[in-house]
Amino acid sequence: MTDEHLDGGEAVLAACRSLGVDVVFASSGSEWAPVWEALARQDRDGTTGPRYVDLLHETLAVAMATGYGLVTRRPQLVLVHAVPGLLQGACGIHGALLAGVPMVVASSESTGYGDGRGQDPGSQWYRNLSIVGGPQAVANPWTKWSTQVGDVSTLYSSVVRAAEIAARPTAGPVYLNIPVEVLLDEWTPSALVGRAIPEAGQRVSTVGDLEQAARRLLAAERPVIVTESAGRHADGFEALLELAETLAVPVIEPQAAVCANFPRTNPLHRGGDTAAAVADADLVVLLCCRAPWYPPSDRPVAADVLVIDDVPHRPYVDYQVLGADQYLEGDIGPTLRALTGAVRAAGVDEQKVAARRAELTVPRRNATTPRQPGEHWIDPGDVVDCLRELLDPDAAVVDETITHARIVQQRLQADRPGRYSYVQGGLGQGIGVALGVKMADPGREVALVIGDGAMLYNPIVQSLSAARTLDLPILIVVFNNRQYRSMKLNHLRFYPDGVAVREDDFRGVDLDGQPELAKVAESLGVLGLSLTEPEELKAGLAQALASVRNGVSALVDVRVTR
Numbered sequence: 270m271t272d273e274h275l276d277g278g279e280a281v282l283a284a285c286r287s288l289g290v291d292v293v294f295a296s297s298g299s300e301w302a303p304v305w306e307a308l309a310r311q312d313r314d315g316t317t318g319p320r321y322v323d324l325l326h327e328t329l330a331v332a333m334a335t336g337y338g339l340v341t342r343r344p345q346l347v348l349v350h351a352v353p354g355l356l357q358g359a360c361g362i363h364g365a366l367l368a369g370v371p372m373v374v375a376s377s378e379s380t381g382y383g384d385g386r387g388q389d390p391g392s393q394w395y396r397n398l399s400i401v402g403g404p405q406a407v408a409n410p411w412t413k414w415s416t417q418v419g420d421v422s423t424l425y426s427s428v429v430r431a432a433e434i435a436a437r438p439t440a441g442p443v444y445l446n447i448p449v450e451v452l453l454d455e456w457t458p459s460a461l462v463g464r465a466i467p468e469a470g471q472r473v474s475t476v477g478d479l480e481q482a483a484r485r486l487l488a489a490e491r492p493v494i495v496t497e498s499a500g501r502h503a504d505g506f507e508a509l510l511e512l513a514e515t516l517a518v519p520v521i522e523p524q525a526a527v528c529a530n531f532p533r534t535n536p537l538h539r540g541g542d543t544a545a546a547v548a549d550a551d552l553v554v555l556l557c558c559r560a561p562w563y564p565p566s567d568r569p570v571a572a573d574v575l576v577i578d579d580v581p582h583r584p585y586v587d588y589q590v591l592g593a594d595q596y597l598e599g600d601i602g603p604t605l606r607a608l609t610g611a612v613r614a615a616g617v618d619e620q621k622v623a624a625r626r627a628e629l630t631v632p633r634r635n636a637t638t639p640r641q642p643g644e645h646w647i648d649p650g651d652v653v654d655c656l657r658e659l660l661d662p663d664a665a666v667v668d669e670t671i672t673h674a675r676i677v678q679q680r681l682q683a684d685r686p687g688r689y690s691y692v693q694g695g696l697g698q699g700i701g702v703a704l705g706v707k708m709a710d711p712g713r714e715v716a717l718v719i720g721d722g723a724m725l726y727n728p729i730v731q732s733l734s735a736a737r738t739l740d741l742p743i744l745i746v747v748f749n750n751r752q753y754r755s756m757k758l759n760h761l762r763f764y765p766d767g768v769a770v771r772e773d774d775f776r777g778v779d780l781d782g783q784p785e786l787a788k789v790a791e792s793l794g795v796l797g798l799s800l801t802e803p804e805e806l807k808a809g810l811a812q813a814l815a816s817v818r819n820g821v822s823a824l825v826d827v828r829v830t831r
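Here the sequence shown stands for residues 270 to 831, where the numbers follow my numbering.
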């Protein structure tokens, strides 16, 4: 094939240009030679097009696309290899589904196995790489939508359509099986190729629905707003702040909150205890909440429930109980703005609002656990306090802790959009998500807080190598208690007086055999520090941040008390 003959690789790249995809995240597979050839042609000809980022692990590729998508809110393209690559990236793809990140994940299959027309795809597809039902069947349970491209003539439009489906509520990953024969087949662009693809239109509830919701809010004596992910929507953080301030409605960010949704420094922020907050409420506003009650039957009986969400019932959630009395459905920022307008138009009782505001005070910060005599490790709350003091006020903090997540949320005191984001899905994606956030916003300081157990699930070598080669300096702070603490806590919850407790004989907990993480980091060109004494904490974190600000990532392994 010569340069005059375009193939399916060029169709994929043309779709990226039409969609405005500026980065292709890839973990290399032999089927993508046509895309590589198209990229070489793009560079030779000086054609505008996406940047190609070749990464050393599928989880890393997907996680970086997730972080990038959380910042840009645009569809991403991720290329992996056949079914093995798809399975390697599955945990990250499921995490992107939960996080609502639009992306097109593509891998390949053979349809002719060497007997078909056109170029020989290679014998590996016949011997080792094929799977019954095709990879789209494998991807179906943990993607928003999955299918196979049948012919090169439909490849361009299939990629475009997949990205548009991925971007619609609820946004999430879709999967395309692009057979290797389709990629290698000759492609003739149609007249429609090259036109820009518009963004999705905005959706807001009807005037009648908005007025009904406004009446509920105005009539309520003790309303409360509970939100998990409003801040991940464009203008969601600011629009929620305006609505809450207009009526002096307290806001709860439960433990399930996955991002900064409302300023924790605002007196209206009432912490994370949903049960206590709704116990006396007469109106509960569930704003972007997938699972507000636990157990699901624990919906408050005396309160009305107003649900505001782009898609209240998530198709990927197996069981979901909201208990709504009314729904407002639409894009979050515009819907909240419209609701605030309807509230003001109906007439705000300023005396009631002033009285409600006067009752609210800033919640007291949780006290640190007293250190026991002879204890030399560092309190995790002190670590977060120190980070809050030292980090740039606009820094993005990505969280992949488990037992320390509540401490991080409470003590970080996130007060602006993008300040805090929790990694969703299975463990092992944190470094990649943080790198993706940094790639999307290079001027922003990025820190990852992570437990030692979660750290060991990450592709550490591949991720730290990417940080260096892609010039993406980030700070990684490991909360290291040398155990899978959450495993032990669950064992204790189920068997508080069991044999394991009496004999001090626990399974699935011990991480004493882990490598010295700081030394691993140093071997990969990253500053590595190990901190064990409280007196070392501030100076150590300051040294690490200085390194990051000078362009070299830093990993700080902090031995914590719990």
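Every residue, glycine too, gets a C-beta built ideally from N, C-alpha and C. Computed from a prediction, not measured in an experiment: that's the story for all the values here.
| query | result |
| --- | --- |
| Three-way DSSP call (helix, strand, coil) for residue 672 in this model | coil |
| Burial state of residue 502 (16 or more Cβ within 10 Å) | buried |
| C-alpha gap between residue 776 and residue 727, whole angstroms | 22 Å |
| Straight-line gap, residue 316 to residue 307 (C-alpha atoms, nearest Å) | 10 Å |
| Presumed contact (8 Å Cβ cut-off) between residue 425 and residue 280, rounded CB distance | 4 Å |
| CA-to-CA distance, residue 370 to residue 660, given in whole angstroms | 26 Å |
| Presumed contact (8 Å Cβ cut-off) between residue 544 and residue 447, rounded CB distance | Between residue 447 and residue 544 the Cβ distance is about 48 Å, and since that is not below 8 Å, they are no contact. |
| contact_flag[the segment 335 to 343, the segment 709 to 721] where n(CB pairs < 8 Å) is 3 or more | yes |
| Spatial neighbours of residue 611 in its chain, beta-carbon cut-off 6 Å, leaving aside the 5 residues before and after | 479, 480 and 483 |
| Cβ neighbour criterion (16 or more within 10 Å) applied to residue 519 | buried |
| Residue 379 versus residue 398 - alpha carbon distance | 9 Å |
| Heavy atom of the ligand PLP within 7 Å of residue 658 beta-carbon | Although the ligand PLP was asked about, the structure shown includes no ligands whatsoever. |
| Contact under 8 Å by Cβ, residue 770 with residue 780 | no |
| Counterpart residues of residue 345 in DSSP-defined beta bridges | 372 |
| Sequence-distant residues of its chain with Cβ nearer than 8 Å to residue 319 (five each side left out) | 282, 285, 286, 290, 291, 292, 293 and 346 |
| Between the CA atoms of residue 745 and residue 429 - distance to the nearest angstrom | 36 Å |
| Three-state class that DSSP yields for residue 749 in the structure shown | strand |
| Residue 415 beta carbon less than 8 Å from that of residue 598 | no |
| CB of residue 496 within 8 Å of CB of residue 514, strictly | no |
| C-alpha gap between residue 583 and residue 526, whole angstroms | 16 Å |
| Endpoints, beta strand (DSSP E) assigned at residue 296 | 292 to 296 |
| Spatial distance of residue 817 from residue 720 (CA atoms) | 20 Å |
| Residue 605 classed as buried or exposed, judged by whether at least 16 other C-beta atoms fall within 10 angstroms | buried |
| Buried or exposed (CB count within 10 angstroms, at least 16 for buried), residue 764 | exposed |
| Alpha carbon of residue 615 to alpha carbon of residue 609, nearest angstrom | 10 Å |
| Beta-carbon contacts of residue 654 that lie in its chain and below 8 Å, excluding the five residues immediately before and after | 680 |
| Where residue 274 falls: helix, strand or coil (DSSP) | coil |
| Closest Cα partner of residue 423 within the set 698, 457 and 702 | 457 |
| C-alpha gap between residue 593 and residue 657, whole angstroms | 37 Å |
| Helix, strand or coil at residue 584 according to DSSP, with G and I counted as helix | coil |
| Chain-order list of residues whose beta-carbon lies under 6 Å from that of residue 383 (same chain, five-residue window excluded) | 389 |
| Residue range of the beta strand (DSSP E) that includes residue 495 | 492 to 496 |
| First and last residue of the uninterrupted alpha helix (DSSP H) at residue 312 | 302 to 314 |
| Option nearest residue 516 by Cα separation, candidates 629, 436 and 580 | 629 |
| Coil, strand or helix - residue 642 by DSSP | Here the model assigns residue 642 a pLDDT of 47, short of 50, so the residue's position is not dependable and the matter cannot be decided. |
| First through last residue of the alpha helix (DSSP H) which encompasses residue 547 | 543 to 547 |
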